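S.K.: Please find one structure pasted underneath; my questions will follow.
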Amino acid sequence: MTKELKVVGIDLAGSVKRDTGFCVMDAKMRCATAVLHTDDELLARTLESDPKVVSIDAPLFLPNGRKSIEDRGPPHFRECDRELLRMHIRFFPISLGPMRMLTTRGMALRAALEKEGLEVIESFPGAIQDLLGMPRKQEGLPLLSKALKDHGVGLGDPHSRMTGDELDAVTSALVGLMYIQGRYRAIGDPSEGLMILPGPELPPPSSRRPPIRG
């Protein structure tokens, strides 16, 4: 019997005190979401889901030449970050304030999942939404929810209201499915980690939404 294909999307928070969005998506883009907090919860739910790919919204690697996230000096950007700049998509550098905590947690989670034999990719829901012509969560959760549904994503109970963290986790899972299907672009330098975004056959830069980090 063929194992059902699943993808996990995680909109990771820098602190366990804040909500982390979690999504399991199948090959038909049907989703089940949750709000989680601890690393143990994330690991357990991910392993339980047995995904082909785990797509995480968080920096998962340091720039080449940077020995520690605690360093105050350069380099502050990875090649994938520079590519986002060229695409006019704003973001927070990994060395900026709360991003240090998020990067530390993201790298640790990647290592733990890879130790379990899972493939982990880095994603960025805001950039994915821009490239797919979707509104970001800051423009309104109902608008983002509708855009995901219009794209074919099944969000489950129509009466349930997902949080912004859950909808971003859904977006991360969506690009994870695109990755499996070969409909993606990988930006950056492989030696310092690639970021996975929707493929170039999707809407051109002129149709993208105004860049808002989120």
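Numbering-wise (my numbering), the sequence shown opens with residue 1497 and increments by one.
Every residue, glycine too, gets a C-beta built ideally from N, C-alpha and C.
It should be emphasised that the depicted structure is a prediction, and the values quoted were computed from it without experimental measurement.
1. With distances taken from CA atoms, which of M1630, M1583, D1546, P1589 is nearest I1565?
2. Based on the DSSP output, what are the partners of S1551 in its beta bridges?
3. Does the segment 1644 to 1653 touch the segment 1617 to 1624, meaning 3 or more C-beta pairs lie closer than 8 Å?
4. Return the CA-CA distance between P1699 and G1629, expressed in angstroms with no decimal places.
5. Residues bridged to L1690 by DSSP?
6. What residues are listed by DSSP as bridge partners for K1595?
7. Please report the residue range of the beta strand (DSSP E) in which V1520 lies.
8. Please classify T1534 as buried or exposed, where buried requires at least 16 other C-beta atoms within 10 Å of its C-beta.
9. Can you tell me which residues form a DSSP beta bridge with V1531?
10. Is it buried or exposed for K1513, if we count other Cβ within 10 angstroms and need 16 for buried?
11. Between which two residues does the alpha helix (DSSP H) containing V1666 stretch?
12. Is DSSP giving R1582 helix, strand or coil here?
13. Taking 8 Å as the threshold, find out whether the segment 1553 to 1561 comes into contact with the segment 1536 to 1545 through three or more Cβ pairs.
14. Does the pairing of the segment 1576 to 1584 with the segment 1675 to 1687 give three or more beta-carbon distances under 8 Å?
15. Report the rounded CA-to-CA distance for I1506 versus I1692, giving the unit in angstroms.
16. Quick check on the burial criterion: 16 or more other C-beta atoms within 10 angstroms. Buried or exposed for P1701?
17. Does P1700 come out as helix, strand or coil in the three-state DSSP assignment?
18. Restricting to Cα atoms, I'd like to know which of L1614, A1509, K1524, D1546 is closest to V1531.
19. What whole-angstrom Cβ distance do G1517 and P1555 have, given they're in contact under 8 Å?
20. Rounded to whole angstroms, what's the CA-CA distance from V1671 to P1694? Just pull it up for me.
21. What does DSSP give as the partner residue(s) for G1650 in the beta ladder?
22. Taking H1572 as the reference, which of D1553, G1593, I1552 has the closest Cα?
M.R.: This is what the structure holds:
1. Residue 1565 sits at position 69 when you count from the first residue of the sequence shown. When each option's Cα is compared against that of I1565, the closest is P1589.
2. By 1-based counting over the sequence shown, the position of residue 1551 is 55. Bridge partners of S1551: G1505, I1617.
3. no
4. Here residue 1699 is taken as the residue at index 203 of the sequence shown, counted from 1. Here residue 1629 is taken as the residue at index 133 of the sequence shown, counted from 1. Low confidence applies to P1699: its pLDDT is 44, below 50, so where it sits in the model is not reliable, and the reading given next is rough at best. P1699 and G1629 have their alpha carbons spaced roughly 7 Å apart.
5. As a first step, residue 1690 must be located in the sequence shown, where it is residue number 194. Bridge partners of L1690 according to DSSP: G1684.
6. Along the sequence shown, read from residue 1 onward, the residue named residue 1595 stands at position 99. Inspection of the sequence shows that residue 1595 is occupied by Met rather than by Lys. In the DSSP output, where bridge partners are listed per residue, M1595 has none listed.
7. As a working mapping, residue 1520 is identified with position 24 in the sequence shown. Segment 1516 to 1522, the beta strand (DSSP E) holding V1520.
8. The sequence position of residue 1534 within the sequence shown is 38, counting from 1. It counts as exposed.
9. For the purposes of this step, residue 1531 is taken as residue 35 along the sequence shown, with counting starting at 1. DSSP lists G1517 as partners of V1531.
10. Sequence index remark: in the sequence shown, residue 1513 carries index 17 (1-based). By the 10 Å Cβ count, K1513 comes out exposed.
11. Here the question's residue 1666 lines up with position 170 in the sequence shown. It spans 1660 to 1677 - the alpha helix (DSSP H) in which V1666 sits, taken as one unbroken run.
12. Taking the first residue of the sequence shown as position 1, residue 1582 is located at position 86. R1582 falls in the helix class under three-state DSSP.
13. no
14. yes
15. As a working mapping, residue 1506 is identified with position 10 in the sequence shown. As a working mapping, residue 1692 is identified with position 196 in the sequence shown. So the alpha carbons of these two residues sit roughly 14 Å apart.
16. In the sequence shown, residue 1701 corresponds to position 205, counting from 1. Annotation note: pLDDT 40 at P1701 (below 50); position unreliable, no value reported.
17. Residue mapping note: residue 1700 aligns to position 204 of the sequence shown, counting from 1. With a pLDDT of 40 at P1700, under the threshold of 50, the modelled position of this residue cannot be trusted; read the value that follows with caution. Secondary structure of P1700 (DSSP, three-state): coil.
18. Along the sequence shown, one-based indexing puts residue 1531 at 35. Looking at the Cα atoms, A1509 is the closest of the given residues.
19. Counted from its first residue, the sequence shown places residue 1517 at position 21. Counted from its first residue, the sequence shown places residue 1555 at position 59. By a beta-carbon distance limit of 8 Å, G1517 does not contact P1555. Their separation comes to about 17 Å.
20. Within the sequence shown, numbered from 1, the residue matching residue 1671 stands at position 175. Within the sequence shown, numbered from 1, the residue matching residue 1694 stands at position 198. About 6 Å.
21. As a position in the sequence shown, residue 1650 is number 154, starting the count at 1. G1650 is bridged to R1526.
22. The sequence position of residue 1572 within the sequence shown is 76, counting from 1. Looking from the CA of H1572, the closest CA among D1553, G1593, I1552 belongs to G1593.
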